[in-house]
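First up is the structure itself, then whatever we jot down about it.
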């Protein structure tokens, strides 16, 4: 049926009132439907760098939600609000008119995507709305006083539905030319699993992706994450935290070696993803002032170097982009299970940098599987200790041991028991063991050739050349 402006307005106002604020007993009734509303402990939004910018906390007992968000670098803390919990139920496409605007509301699935558009009453002269026999809005035309390409049909929306009356496609026409599309997909429980918004670019003569959001669910139907894209770039993501669900990080940092007398430090990046499922990945490392990436000594480990190659690109803000791409199209050997060290990151420190602890940020962590799924990870802060034991700080006198290499043996002559650590020139810890007073011998064949640093727990450091 076709509704005149007044009739359409009256009908849609009635819908808006039904969808408005609800009484407490109605909230409880909706909450009782465990298939559509969930109560995570918290839901945290992260930007593309993996830094949190929105945090929502849910209280199932009190039926409340509290939202904090980041604004211009500072957190704004919200008040508790009544809540039904978190939902990805598809919403009805609604048309509403007030004195100044025409409003069209379309599914956004609880901020899966900002939803709705409006047109000032100054820009249109009339509108029509068509509904099907199931009360679904299937089209609406907004006519203007201005003509373009021989028509006054300023804006038109056409909506298509699936057999369950969930919208699957919204098409926007501008003066009878298709200009935008919004597509929806749903999982087996009729929860929104994808929202994709495309816009026609006249200048480039092609469709441009504006927003795409993908929701990810557990086998029991609960949402655990959603991923957001803007113009083909991964832009944001959301993680759901539940009290009964342990989240194992897919990316971790270990072997964080301090900056030594050679003004170099390093750390390793581990991944908890089966190697044969990784299509590609990227990580950005942002250093504080006075630090730079040591590109020569930054490399993939043996577990990954056979199947992947590393590309390093200098970015702004003292950052380096590390991209991991497959060498061939064939599958790598499966190495699922424990976390594997993927990447050794080495860096240099300006000799003028003062002693202390500095923060290195490992951010924008993103892996893509061969099946086209994305695995983002929150940013990791790596504390970098600048201690410069060694040059200018070696102990002298009776307390300083004699350390030298003879016939592939590191010999340590000391007057007292100690504990020693052997480091590579890149700062990697190679060996650690206690030593006794007197002569101690360590097999040097197990270490790489070149310069090594031997450090005692009492504070001394010696350099030796392993040949």
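Numbering (our numbering), first residue to last: 1 to 467.
Ideal Cβ positions, reconstructed from N, Cα and C, are used throughout, including at glycine.
Quick caveat: nothing in here was measured; it's all calculated off a predicted structure.
Strictly by DSSP, which residues pair up with residue 86?
Here the question's residue 86 lines up with position 86 in the chain shown. Answer is 38, bridged to residue 86.
To the nearest angstrom, report how far apart residue 211 and residue 198 are at their CA atoms.
Translated into positions along the chain shown, residue 211 becomes position 211. Translated into positions along the chain shown, residue 198 becomes position 198. Going by the C-alpha atoms only, they are around 7 Å apart.
State the start and end residues of the unbroken beta strand (DSSP E) segment that holds residue 384.
Counting from one through the chain shown, the residue named residue 384 turns up at place 384. Its beta strand (DSSP E) spans residues 380 to 386.
Taking the alpha-carbon positions, what's the residue 234 to residue 72 distance?
Here the question's residue 234 lines up with position 234 in the chain shown. Here the question's residue 72 lines up with position 72 in the chain shown. The alpha-carbon atoms of residue 234 and residue 72 are separated by roughly 21 Å.
Who are the near neighbours of residue 64 in its chain, counting only those whose CB is closer than 8 Å to its CB and skipping five residues on each side?
Counting from one through the chain shown, the residue named residue 64 turns up at place 64. Within the same chain, residue 64 has close Cβ partners 58, 80, 81, 82 and 83.
With which residues is residue 439 paired in a DSSP beta bridge?
Counting from one through the chain shown, the residue named residue 439 turns up at place 439. For residue 439, which the question treats as bridged, DSSP gives the partners 413.
Assign residue 406 to one of two classes, buried (16 or more other C-beta atoms within 10 Å of its C-beta) or exposed (fewer than that).
In the chain shown, counting from the first residue as 1, residue 406 sits at position 406. Exposed, by the Cβ-count rule.
Quick one: what does DSSP say residue 80 is sitting in, helix, strand or coil?
For the purposes of this step, residue 80 is taken as residue 80 along the chain shown, with counting starting at 1. In the structure shown, residue 80 sits in coil (DSSP, three-state: anything other than H, G, I, E or B).
Roughly how many whole angstroms lie between the Cα atoms of residue 360 and residue 238?
By 1-based counting over the chain shown, the position of residue 360 is 360. By 1-based counting over the chain shown, the position of residue 238 is 238. Computed Cα separation, rounded: 24 Å.
Can you tell me whether residue 277 is helix, strand or coil according to DSSP?
Working through the chain shown from its first residue, we reach residue 277 at position 277. Residue 277 falls in the helix class under three-state DSSP.
So who's on the other strand from residue 453, going by DSSP bridges?
Taking the first residue of the chain shown as 1, we reach residue 453 at position 453. In the DSSP output, where bridge partners are listed per residue, residue 453 has 423 and 463.
Can you tell me which of the three DSSP states residue 268 falls into?
Counting from one through the chain shown, the residue named residue 268 turns up at place 268. Reduced to three states, the DSSP call for residue 268 is strand.
For the candidate residues 184, 221 and 351, whose alpha-carbon lies nearest to that of residue 165?
Taking the chain shown and counting its residues from 1, one reaches residue 165 at position 165. Out of 184, 221 and 351, 184 has the C-alpha closest to the C-alpha of residue 165.
Whole angstroms are fine: how far does the CA of residue 348 sit from the CA of residue 270?
Residue mapping note: residue 270 aligns to position 270 of the chain shown, counting from 1. Residue mapping note: residue 348 aligns to position 348 of the chain shown, counting from 1. Going by the C-alpha atoms only, they are around 21 Å apart.
Any idea if residue 109 is buried or exposed, counting beta-carbon neighbours within 10 angstroms, 16 or more meaning buried?
Along the chain shown, one-based indexing puts residue 109 at 109. With a pLDDT of 47 at residue 109, under the threshold of 50, the modelled position of that residue is not reliable, and the figure given next carries that caveat. Flag for residue 109 reads buried.
Would you say residue 305 faces chain C, with C-beta separation under 8 Å as the test?
In summary, chain C is missing from the structure at hand, where a single protein chain is found.
Between 297, 160 and 133, which lies nearest to residue 93 when the distance is taken from Cα to Cα?
As a position in the chain shown, residue 93 is number 93, starting the count at 1. Out of 297, 160 and 133, 160 has the C-alpha closest to the C-alpha of residue 93.
Whole angstroms is fine: what's the gap from residue 444's alpha carbon to residue 435's?
Within the chain shown, numbered from 1, the residue matching residue 444 stands at position 444. Within the chain shown, numbered from 1, the residue matching residue 435 stands at position 435. Straight-line Cα distance between these residues: approximately 15 Å.
So what's residue 169 in DSSP terms, helix, strand or just coil?
As a working note, residue 169 is residue 169 in the chain shown. Strand, per DSSP.
Does the Cβ of residue 137 have 16 or more other Cβ atoms within 10 Å, making it buried, or fewer, making it exposed?
Taking the first residue of the chain shown as 1, we reach residue 137 at position 137. Residue 137 is buried by the Cβ-count criterion.
Under 8 Å: do the stretch 374 to 384 and the stretch 409 to 421 share three or more Cβ pairs, one atom per stretch?
In short, these stretches do not touch, since the Cβ pair count stays below three.
So, with DSSP's three-state summary, where would you put residue 240?
To locate residue 240, count along the chain shown from 1; it is residue 240. In the structure shown, residue 240 sits in a strand (DSSP, three-state: E or B).
Let's see if you can read the secondary structure: which residues bound the beta strand (DSSP E) around residue 366?
As a working note, residue 366 is residue 366 in the chain shown. Per DSSP, residue 366 belongs to the beta strand (DSSP E) from 356 to 369.
Within 10 angstroms of the Cβ of residue 218, are there 16 or more other Cβ atoms? Answer buried if so, exposed if not.
Indexing the chain shown from 1 puts residue 218 at position 218. So residue 218 ends up on the exposed side.
Following the continuous alpha helix (DSSP H) through residue 305, name the residue where it begins and the one where it ends.
Numbered from its first residue, the chain shown carries residue 305 at position 305. Counting along the chain, the alpha helix (DSSP H) containing residue 305 begins and ends at 302 to 305.
Residue 251: buried (16+ other C-beta within 10 angstroms of its C-beta) or exposed?
For the purposes of this step, residue 251 is identified with residue 251 of the chain shown, where counting begins at 1. That one is buried.
Just to confirm the assignment, what range does the beta strand (DSSP E) spanning residue 93 have?
Locating residue 93 in the chain shown gives position 93, where the first residue counts as 1. It is not in any beta strand (DSSP E) - residue 93 carries neither H nor E in the DSSP assignment.
Closest to residue 449 by C-alpha separation, out of 371, 463, 458 and 315, would be which residue?
The residue labelled residue 449 in the question sits at position 449 within the chain shown. When each option's Cα is compared against that of residue 449, the closest is 463.
Which residue wins for smallest C-alpha separation from residue 429, given the options 146, 264 and 224?
To locate residue 429, count along the chain shown from 1; it is residue 429. The shortest Cα separation from residue 429 among 146, 264 and 224 belongs to 264.
Taking Cβ to Cβ, would you say residue 142 is nearer than 8 Å to residue 85?
Locating residue 142 in the chain shown gives position 142, counting from the first residue. Locating residue 85 in the chain shown gives position 85, counting from the first residue. Contact flag unset, no.
Measuring alpha carbon to alpha carbon, tell me which of 368, 379 and 175 ends up nearest residue 278.
By 1-based counting over the chain shown, the position of residue 278 is 278. Residue 278 has its Cα closest to that of 368, out of 368, 379 and 175.
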